[in-house]
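**Q** Note that the numbering used here gives residue 1208 to position 317 of the sequence shown, counting from 1, and the numbers run on in steps of one. Here it is, the structure in full.
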Amino acid sequence: MPGASAPPGPSTPPGPSTPQSPPGTAGTAAPAGGDVGLWPSVAVVVPARDEADMLPESLPSLLAQVYPGAAEIYLVDDGSTDGTGELARDLAARYGGLPLTVSSPGEPEPGWTGKLWALRHGIALARGGPKDPDYLLLTDADIAHEPDSLRELVAAALGHRLDLVSQMARLRVASGWEKLVVPAFVYFFAQLYPFRRINRPGARTAAAAGGCVLLRTEAAVRARVPESIRQAVIDDVSLAKAVQGSGGRIWLGLAERVDSIRPYPRLADLWQMVARSAYAQLRHNPLVLLGTVAGLAVIYLAPPVALGAGLFGGDTAAGWLGFAAWAVMAGTYLPMLRYYRQSSWLAPLLPFTAFLYLLMTVDSAVRHYRGRGAAWKGRTYARPEGEPRPQ
């Protein structure tokens, strides 16, 4: 889903004079779009399941979008039991702003994940008028947007002829565990899906961040989404692959105007966030899991072990090699810490954080083989039909 300074703001066009961004995330800010004459229409689709705690902060930020063209919000109440739909209507009445439609799709049909079922319903509503909206903004109920977020996303899409523009929302970093784990979460995502490679024209690597995806409606129709990815647990990456595979051009980077407000204050909360879908990210393949565990161990855990061998075992060469590798590792992590406005002193702790992620990933696989699978908001998903089973 990772240079010596924090990523530039979304209005800064990436180029030779742009400050470098976290490793693998070149051009993390949405490319500048230039002047737009006639602004296209946009439908904002928000799937929401039991999000009454998030909506008071996130929904007003969408209602308050300053956008020169036509825009409307479709909030899909996906079987909530906490009054999410009623709260959304109350907030719209209180704050005004963009028009809001609240609807419910009922329980997902067999073969659909809950979020994609909700997105299908919202997109169908948005396209139910005499003319399709030009763009769809797919955003989660725990995402807060700056007032010009939509305008910047559309300008970038138009200015660079992009079919999909996705920004990875800046996650909350308030508790001690969040400060330790969250920047590493994004760092490891960007190692798995290098942004520079994704954003290159003609790229074969594809990924997106599901919290904020601007999608051209024509591209969605051409890629047959969300129907073509209806079973996907990692829906954002699947969406990007579908759009790219149908000839669309995609872009992914870090956000400066988009923030996730969902708290993960305890290690248990962060563990659940990672473990619920980590093995699905590895396509439920034990060989890929083994390679991932080995890679984490060699790259992030071996340097401290080598340094320890030098300090306590008298192996000077191993000690210096371990120290150098640890220093390089920490250096590659510094830009992500700066992006999250965290202390540089957290960089040397990356091996410990990597060890936590190793355990979380293994736990995700254990859950899968015990029949618990990927889970979210009371729903659990097994391996999608048609996904190859390991031999």
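Just so it is clear, CB atoms sit at the ideal spot from N, CA and C, and this is done for glycine as well.
(1) With distances taken from CA atoms, which of Gln1058, Asp968, Val1073, Asp1150 is nearest Leu1247?
(2) Could you tell me which of Leu1041, Gly1199, Arg1232, Val1165 sits nearest to Ala961, measuring between CA atoms?
(3) With DSSP collapsed to three states, give me the class of Ala1100.
(4) Check whether the Cβ atoms of Ile1034 and Ser1168 lie closer than 8 Å to each other.
(5) If distances are taken between C-alpha atoms only, which option among Asp973, Gly1210, Leu1181 comes closest to Val1253?
(6) Roughly how many angstroms lie between the CA atoms of Ala1048 and Asp1054, to the nearest whole one?
(7) Determine, using beta carbons only, whether Leu1145 and Tyr1230 come nearer to each other than 8 Å.
(8) Between the Cα of Glu963 and the Cα atoms of Pro1226, Val1179, Thr992, Arg1011, which residue gives the shortest distance?
(9) Taking 8 Å as the threshold (C-beta atoms), are Ser932 and Pro1024 in contact?
(10) Under 8 Å by Cβ, that's how I've got Trp1211 and Gly1199 pegged, so tell me the actual separation to the nearest angstrom.
(11) For Leu846, collect the residues of the same chain with a Cβ closer than 7 Å to its Cβ; drop the 5 residues on either side in sequence, then sort them by chain order.
(12) Using the Cα positions of Leu1241 and Gly1204, report the straight-line distance between them to the nearest angstrom.
(13) Considering Thr1030, what are the terminal residues of the alpha helix (DSSP H) in which it resides?
(14) Have a look at Ser952, Gly1213, Thr1244, Trp1003 and flag the residue whose alpha-carbon is nearest the alpha-carbon of Gly987.
(15) What does the alpha-carbon distance come out to for the pair Gly918 and Ala1238?
(16) Would you tell me roughly how many angstroms separate the C-alpha atoms of Arg980 and Asp1127, rounded to the nearest one?
(17) Within the chosen definition, does the stretch 1013-1023 reach the stretch 1054-1072 through at least 3 CB pairs nearer than 8 Å?
(18) For the beta strand (DSSP E) containing Asp1054, name the first residue and the last one.
**A** Reading from the atomic positions:
(1) Residue mapping note: residue 1247 aligns to position 356 of the sequence shown, counting from 1. It is Val1073 whose Cα lies nearest to the Cα of Leu1247.
(2) Locating residue 961 in the sequence shown gives position 70, where the first residue counts as 1. It is Leu1041.
(3) Here residue 1100 is taken as the residue at index 209 of the sequence shown, counted from 1. Three-state DSSP puts Ala1100 in coil, outside helix and strand.
(4) Translated into the one-based positions of the sequence shown, residue 1034 becomes position 143. Translated into the one-based positions of the sequence shown, residue 1168 becomes position 277. Not closer than 8 Å, so no.
(5) Translated into positions along the sequence shown, residue 1253 becomes position 362. Ranking the options by Cα distance to Val1253, first place goes to Leu1181.
(6) Here residue 1048 corresponds to residue number 157 of the sequence shown, with the count starting at 1. Here residue 1054 corresponds to residue number 163 of the sequence shown, with the count starting at 1. Whole-angstrom Cα-Cα distance: 7 Å.
(7) Along the sequence shown, read from residue 1 onward, the residue named residue 1145 stands at position 254. Along the sequence shown, read from residue 1 onward, the residue named residue 1230 stands at position 339. Their beta carbons are under 8 Å apart, which means Leu1145 touches Tyr1230 by this criterion.
(8) Here residue 963 refers to the residue found at position 72 of the sequence shown. Ranking Pro1226, Val1179, Thr992, Arg1011 by Cα distance to Glu963 puts Thr992 first.
(9) Residue 1024 sits at position 133 when you count from the first residue of the sequence shown. Residue 932 sits at position 41 when you count from the first residue of the sequence shown. In contact: Pro1024 and Ser932 (Cβ atoms closer than 8 Å).
(10) Residue mapping note: residue 1211 aligns to position 320 of the sequence shown, counting from 1. Residue mapping note: residue 1199 aligns to position 308 of the sequence shown, counting from 1. Not really, about 13 Å apart at Cβ, beyond 8 Å.
(11) Within the shown structure, residues of the chain are numbered from 892 to 1282, placing residue 846 beyond reach of any answer.
(12) Within the sequence shown, residue 1241 is the residue found at index 350, counting from 1. Within the sequence shown, residue 1204 is the residue found at index 313, counting from 1. Cα to Cα, the separation comes out at about 23 Å.
(13) For the purposes of this step, residue 1030 is identified with residue 139 of the sequence shown, where counting begins at 1. Here Thr1030 belongs to no alpha helix (DSSP H); instead the beta strand (DSSP E) covers 1026-1030.
(14) Locating residue 987 in the sequence shown gives position 96, where the first residue counts as 1. Selected option, being the one with the closest Cα: Ser952.
(15) If you number the sequence shown from 1, residue 918 lands on position 27. If you number the sequence shown from 1, residue 1238 lands on position 347. Because Gly918 sits at a pLDDT of 44, beneath the cut-off of 50, its placement in the model cannot be relied upon, and the following sentence gives the value as read from the coordinates. When rounded, the distance between both Cα atoms is 22 Å.
(16) Working through the sequence shown from its first residue, we reach residue 980 at position 89. Working through the sequence shown from its first residue, we reach residue 1127 at position 236. Straight-line Cα distance between these residues: approximately 27 Å.
(17) no
(18) Position 163 of the sequence shown, counted from the start, is the residue given in the question as residue 1054. That residue, Asp1054, is in no beta strand (DSSP E); it is neither H nor E in DSSP.
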